[in-house]
Amino acid sequence: MSEIILDLKDITKIYSNGVVANRNVSVDFRKGEIHSIVGENGAGKSTLMKIIFGIEHASSGTITYRGKPTQFHNSMEAILNGIGMVHQHFMLIDDFSVAENIVLGMEPKQKRFFLNKKEAVNVTKNLAKKYNFDMDVTQRVSRLTVSAKQKVEILKTLYRDAEVIILDEPTAVLTPQETQALFENLKHFKNMGHTILFISHKLNEVKAISDRITIMQNGESRGTFNNEDITIEQMTELIVGRKVSLSYDDFKFESDRDGVAFKVEGLHLMKKGVPILKDINFAIREGEILGVAGVQGNGQSELVQGLVGLAGINGGKWFINDQDITSLSVDQKRIHGLAYIPEDRMKEGIAQGATVAENLISSYYRRKEINGPIFMNDKAIGKVATQLIKMFSVRTKNYKSKIESLSGGNIQKVVVARETNTDPKVMIAEQPTRGIDIGSAEFIHKQLIDMRNRNVAILLVSADLNEVMEVSDRLIVMYEGEIVAHFDRTKDVGEMELGLYMLGVKRQDEESLKRASLC
Amino acid sequence: MLANERIFEVVKMAAAVLLALVLTFILLLIFSAQPLESFSKMLFAPLTKVRYMGNVIETMIPLSFAGLATALLFRTKLFNLGTEGIFYFCGVVTAAVATQTMSSALIHPFVTIMISGLVGGLIALIPGFFKAKYNTNELVTSLMMNSILFGLGLFIIKNFMQALDVPGVASHLFQATAKLPVIIPSTRIHFGIVILIITVVLLQLMLFHTKLGYTIRMTGLNKNFAKYSGMNAFWLFLVVHFISGFIGGVGSSVELLGMYNRFQWSALPGLGFTGALMAMLGRNHPVGVVAAAFAISYLRTGADIMARTTDVPVEIVAVVEAVVVLFVSSQYFLRKYHERALIKKGGEQNA
Amino acid sequence: MLDVLKIMLTPEFGFTVIRVVVPILFAALAAYIANSAGIANIAIEGMMLMAAFVGTVTSAFTQNAWIGLIAACLAGMLMAAILSYFTLILKTNNILGGIALNLFSSSFTVFLLFIITGSKGTSATLSARSLPKIVIPILKDIPILGRIFSGHNVLAYIMFAAVILVYLMMYQTPLGLRIKAVGKDPHAAESVGVDVIRIKTIALLLSGLLAALGGAYMSMGYLSFFTQNMTAGRGFIGLAAEAMGMGNVWLVTLTAFLFGMFDALSNALQLFALPSEIIQTIPYVAVFVGIVAYSIYEYRRMKIKGD
Chain A
1 MSEIILDLKD
11 ITKIYSNGVV
21 ANRNVSVDFR
31 KGEIHSIVGE
41 NGAGKSTLMK
51 IIFGIEHASS
61 GTITYRGKPT
71 QFHNSMEAIL
81 NGIGMVHQHF
91 MLIDDFSVAE
101 NIVLGMEPKQ
111 KRFFLNKKEA
121 VNVTKNLAKK
131 YNFDMDVTQR
141 VSRLTVSAKQ
151 KVEILKTLYR
161 DAEVIILDEP
171 TAVLTPQETQ
181 ALFENLKHFK
191 NMGHTILFIS
201 HKLNEVKAIS
211 DRITIMQNGE
221 SRGTFNNEDI
231 TIEQMTELIV
241 GRKVSLSYDD
251 FKFESDRDGV
261 AFKVEGLHLM
271 KKGVPILKDI
281 NFAIREGEIL
291 GVAGVQGNGQ
301 SELVQGLVGL
311 AGINGGKWFI
321 NDQDITSLSV
331 DQKRIHGLAY
341 IPEDRMKEGI
351 AQGATVAENL
361 ISSYYRRKEI
371 NGPIFMNDKA
381 IGKVATQLIK
391 MFSVRTKNYK
401 SKIESLSGGN
411 IQKVVVARET
421 NTDPKVMIAE
431 QPTRGIDIGS
441 AEFIHKQLID
451 MRNRNVAILL
461 VSADLNEVME
471 VSDRLIVMYE
481 GEIVAHFDRT
491 KDVGEMELGL
501 YMLGVKRQDE
511 ESLKRASLC
Chain B
1 MLANERIFEV
11 VKMAAAVLLA
21 LVLTFILLLI
31 FSAQPLESFS
41 KMLFAPLTKV
51 RYMGNVIETM
61 IPLSFAGLAT
71 ALLFRTKLFN
81 LGTEGIFYFC
91 GVVTAAVATQ
101 TMSSALIHPF
111 VTIMISGLVG
121 GLIALIPGFF
131 KAKYNTNELV
141 TSLMMNSILF
151 GLGLFIIKNF
161 MQALDVPGVA
171 SHLFQATAKL
181 PVIIPSTRIH
191 FGIVILIITV
201 VLLQLMLFHT
211 KLGYTIRMTG
221 LNKNFAKYSG
231 MNAFWLFLVV
241 HFISGFIGGV
251 GSSVELLGMY
261 NRFQWSALPG
271 LGFTGALMAM
281 LGRNHPVGVV
291 AAAFAISYLR
301 TGADIMARTT
311 DVPVEIVAVV
321 EAVVVLFVSS
331 QYFLRKYHER
341 ALIKKGGEQN
351 A
Chain C
1 MLDVLKIMLT
11 PEFGFTVIRV
21 VVPILFAALA
31 AYIANSAGIA
41 NIAIEGMMLM
51 AAFVGTVTSA
61 FTQNAWIGLI
71 AACLAGMLMA
81 AILSYFTLIL
91 KTNNILGGIA
101 LNLFSSSFTV
111 FLLFIITGSK
121 GTSATLSARS
131 LPKIVIPILK
141 DIPILGRIFS
151 GHNVLAYIMF
161 AAVILVYLMM
171 YQTPLGLRIK
181 AVGKDPHAAE
191 SVGVDVIRIK
201 TIALLLSGLL
211 AALGGAYMSM
221 GYLSFFTQNM
231 TAGRGFIGLA
241 AEAMGMGNVW
251 LVTLTAFLFG
261 MFDALSNALQ
271 LFALPSEIIQ
281 TIPYVAVFVG
291 IVAYSIYEYR
301 RMKIKGD
């Protein structure tokens, strides 16, 4: 057994809004090990890591690092002491080059005051070579793929001589193949003496890479285990405290699947001379969920934003029940039966500062049911809101509470409730369960399937492979703005095979791709 | 107790006012020969005479109108400071109509105020249109328009309406039929207060009980959300600008017809800018704006009385205004205590 | 029309352009640095006004223009410090905070002016010192250039130096890299240990310093005394010039000069028998038209890009 480098004792964290994120968590990390922290969203993994990294401060408890009691006041102190963190959302400046991103904050200088740009490039080049990363460090970050961006993030920590590297859900955005490559790198780091803290909720990955595993549930530690001492099933039970249903098959009725409800023809989009979307064609039947798989940044969000009318599209047409809705306004599209669960609920899905009720009626506020001749009918609004809160079991004091006082999962339920309430014909759901707890995620999945059973056509875009594979009926894969694969039955596809399409290694022939349009 | 959001807001406001007053007192200690006297005059003098309280209300009326006009824009997250120029130019418009002969003392002020409001609304549509259509920075355009409207207004007064028997910038006398009547004897409080109350009630209803108000509030809170929900920002920005300009124009007209016999503003009156302060202090809430206008008018009246009898100029009120506004619009001011109270509460609940 | 053109082609006109562009360009540079750090500094106008006041009054009391200039700079930076405290620490909306500070300075300067001079209009009764004019030896003898570029107030030359220094700082120093990083993505900057609040504060202080130089010029160069609200929107014109400069120092400078030219034009046209009230609006009309034209350009560009 090697020495303990970082030791947490009885860490408790209560946030300023009264939420207890960690309660009496004790865990130790050894030099040169890959140590996974697993648990569902909201279990307190991220908070614990932020405490180690100095972004958050423990309300009580002690941290011993390299044998000395420590509490970093900010991330700079943690960095200076050899702790690095790769965040779930990339912390990169898109307009800067790879080298600039890496040296930022610890820039090589010349003549005392000036930036030494040449040195910055050389240092980062050598660093990349040393750790088996192959990349052009003078490239702008905005041009990199997701996995390359992640490499830049890792290089940032290595440039700062990180001995302990925290990786927060690093595989969430990767294909299976990229994950494999990352694991190779991590093992290499381990052999070079680095300690890796690997945060994840994907248990098979955890099992594949870790030396030891700590399981968290509801802010508390359920124990630390050697990899060989615990099975995936045991982990699952510890994580949720109950068995989860991993399949939604029982909830899906066989629908008549006749008419085509939504049809997209020849969509394309150019930005700054670069094609973002290239000739996108697909169709969705009534009562069918079409999943869109793909690594983030391959045109999915542009596709969705374009379809709902929030961003421009250069060419193409789309139809609801054969009615052309291409050039209608957002409002008109909604009136024709389009609904949309946006990717970023805080940015687009809700208005912070408004009440739950006000957030529940935004796509509905002009309906006669909740309006009088001049004034809005507060009573009717209250009734609609109360009903939706009940139907979607949104946990809130009442409909007059401020939306931001709700948890992420409950906020997302508000969004889903609102979008369902307009009786749409077509629903576009973009990352509908990102970053929310398993309970809410499961609930939302069931809602989507319920809509499908009521003959709504659903487009489900998600970076989470499990999600698209479990929930959708048919599946398309997007790579560099194109549809590169189409599967008639999601059940028939293997994860590794899907990965090959997501990476652009494989591509189906035109005949197969044509079937995405159901003709 | 501090855990309650409403109570915390009140405590915060009180603390800001207290801080501002302490600062004012320190300034008086430095600059005034009779600091205590000045300070107490400023704080308490308005209470000593009915006429003084009358002054408070008279001052409050234009500040409220300017504040309401600005608050509506700020609510929609439109940082437009054009009320100043609208106040000036609509003053000229008011002068033009009020100097015409009209038979009825009922219709004359009504017509004048409506024309002034309409012109104000149309003027506001200029930066409003460019903002709505091209996302032109409305702060810059509105400020430039203030200077342009001032030049234009001054030009019109000097060349077409200048009273030759009066020195300086001055229009001809308003017709007696155009004046707003005084409604409380032994003060100069005029019918404008009634117009103000009507405006506040209408705005309050519009903002919190109509679809338009809902759209304004949601757009102000999160314009991405509004767009996503299918709300049309283009029309909304136009409508909001028009209403705001209309209120500004009405406010200008009411002020002139209630308080003056002729147009005599030789510089921008500063009322529009103060409107921005009222909006901030009143949290962009119609009733809040009027309350803020009352408080500031009270202080200004106090300071005015003080300035007449002591060595301190009225402008000292600016210190109070700025300090209070800065602290009140600070999200984090005193938040530590609020959070501590919340944590304590949270700890108890979770124990 | 031809007469106007004739005037614009004289070296005197060029001289006037430089004379009037100084406060605008300083304001534009101030806006540029603040904006690079991600802060819309609306308070530039107020910072300038405060600096103008403090500068000339201090020079009157110390009988030394340079001490006046230093005091002006300190005043501008103090205003910047107050703004940083409120917007960065207490999280006041920076536009609202800026508006409050502007209103504060316009009244507070009058308050102090009255206390000190007994007048609310100008400080002309004080025997204040102005900053020296500089005649540049060799340059002054070059025919046209000499008459355009020589003989300006020292702050005009500091302005030219400031453009270059600001460029060097933003593009060639670690501080510049960090300012840009903080402006583009504060979370990313924070993740590598850059102290975001510190960097933003530094940027705001520098912005305050530049604004103060512009303000000091108003009362110690352009005029030799303070008058009520003497900056007359120049801070905002600077902001507009910055907005149209698309994040490029040279373009910002060019736009400031363009606005300076209209300002000079409005001065020159006073000689003609035209209504002065209208003539005086020319610079504001120019900025209005400029910023609208720019936003239309941006709008079209975005549309083509498909955003």
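Protein chains in written order, with my numbering: chain A, 1 to 519; chain B, 1 to 351; chain C, 1 to 307. By construction, the Cβ of each residue, glycine as well, lies at the ideal position given by its N, Cα and C atoms. Predicted, not measured: the structure shown is a model, and the values here were computed from it.
Could you tell me which chain A residues have their CB closer than 7 Å to the CB of residue i, listed as they occur along the chain?
i: glycine 193 of chain C; result: Ser75, Met76, Ile79, Gly105
i: threonine 210 of chain B; result: Ile374, Phe375, Met376
i: serine 229 of chain B; result: Ser362, Ser363
i: proline 174 of chain C; result: Glu107, Lys109, Leu115
Just the chain C side, please: which residues come within less than 8 Å of residue i by C-beta, in chain order?
i: proline 313 of chain B; result: Val110, Phe111, Phe114, Ile115, Lys120
Secondary structure at residue i, three-state DSSP: helix, strand or coil?
i: lysine 336 of chain B; result: helix
i: aspartate 249 of chain A; result: helix
i: isoleucine 525 of chain A; result: No answer is possible for residue 525 of chain A: it lies beyond the span of chain A, which begins at 1 and ends at 519.
i: glutamate 511 of chain A; result: helix
i: lysine 243 of chain A; result: Its pLDDT being 48, under 50, lysine 243 of chain A is placed unreliably by the model, and nothing is read from it.
i: proline 170 of chain A; result: helix
i: arginine 454 of chain A; result: coil
i: phenylalanine 29 of chain A; result: strand
i: methionine 206 of chain B; result: helix
i: glycine 316 of chain A; result: strand
i: proline 62 of chain B; result: helix
i: phenylalanine 282 of chain A; result: strand
So, is residue i buried or exposed, given that buried needs 16 or more other C-beta atoms within 10 angstroms?
i: methionine 246 of chain C; result: exposed
i: aspartate 141 of chain C; result: exposed
i: serine 127 of chain C; result: exposed
i: alanine 21 of chain A; result: buried
i: phenylalanine 39 of chain B; result: buried
i: glycine 55 of chain C; result: buried
i: aspartate 161 of chain A; result: exposed
Taking the alpha carbon of residue i as the reference point, which residue from the options has its own alpha carbon closest?
i: aspartate 322 of chain A; options: A:Ile232, A:Glu404, A:Val471, A:Lys263; result: A:Lys263
i: phenylalanine 174 of chain B; options: B:Pro35, B:Ser253, B:Ile193; result: B:Ser253
i: glutamine 139 of chain A; options: A:Arg452, A:Val98, A:Leu115; result: A:Val98
i: lysine 491 of chain A; options: A:Ser75, A:Ser472, A:Gly32, A:Ile215; result: A:Ser472
i: methionine 106 of chain B; options: B:Arg262, B:Thr274, B:Phe191; result: Residue 106 of chain B is actually leucine in this sequence, not methionine. Nearest option by C-alpha distance: B:Phe191.
i: aspartate 244 of chain B; options: B:Val201, B:Ala124, B:Leu23, B:Gly85; result: Going by the sequence as given, residue 244 of chain B is serine instead of aspartate. Comparing Cα positions, the closest option is B:Ala124.
i: proline 373 of chain A; options: B:His209, B:Ile57, B:Leu257, B:Val323; result: B:His209
i: alanine 98 of chain B; options: B:Leu326, B:Ala226, B:Leu257, B:Asn222; result: B:Leu257
i: phenylalanine 392 of chain A; options: A:Met376, A:Ala380, A:Gln412, A:Gly382; result: A:Gln412
Anything in chain B within Cβ reach of residue i, meaning under 8 Å, just list it in chain order.
i: tyrosine 222 of chain C; result: Here the premise fails: no neighbours, minimum Cβ distance about 18 Å.
Interface residues of chain F around residue i at Cβ under 7 Å?
i: glycine 151 of chain B; result: Any reference to chain F falls outside this structure, whose protein chains are A, B and C.
Can you pull the chain B residues whose beta carbon is under 9 Å from the beta carbon of residue i, in chain order?
i: lysine 180 of chain C; result: What lysine 180 of chain C touches in chain B: nothing, since even the nearest Cβ is about 21 Å away.
Whose Cβ in chain C lies nearer than 7 Å to the Cβ of residue i?
i: histidine 87 of chain A; result: Ser191
Residues of chain B with CB under 7 Å from residue i, in chain order?
i: phenylalanine 32 of chain C; result: According to the sequence shown, residue 32 of chain C is tyrosine rather than phenylalanine. Within 7 Å Cβ-Cβ: nothing; tyrosine 32 of chain C doesn't reach chain B, min ~15 Å.
Item to complete: Specify whether the stretch 436 to 444 of chain A and the stretch 360 to 369 of chain A touch according to this definition: at least 3 beta carbon pairs, one from each stretch, less than 8 Å apart.
Response: no
Worksheet entry | Any 3 or more C-beta pairs closer than 8 Å across the stretch 314 to 332 of chain A and the stretch 344 to 354 of chain A | no
Discussion item. Counting beta carbon pairs with one atom in the stretch 338 to 350 of chain A and one in the stretch 288 to 297 of chain A, are three or more of them shorter than 8 Å?
Written reply: no
Discussion item. Count Cβ pairs between the stretch 61 to 70 of chain A and the stretch 133 to 148 of chain A that sit closer than 8 Å; are there 3 or more?
Written reply: no
Worksheet entry | Cβ contact (3+ pairs, closer than 8 Å) linking the stretch 170 to 185 of chain A and the stretch 99 to 114 of chain A | The stretch 170 to 185 of chain A vs the stretch 99 to 114 of chain A: no contact.
Worksheet item: Should the stretch 61 to 73 of chain B be regarded as contacting the stretch 107 to 117 of chain B, the criterion being three or more beta carbon pairs within less than 8 Å?
Response: no
Discussion item. Quick test of the definition: if touching needs 3 or more C-beta pairs under 8 Å, does the stretch 325 to 338 of chain B touch the stretch 46 to 57 of chain B?
Written reply: no
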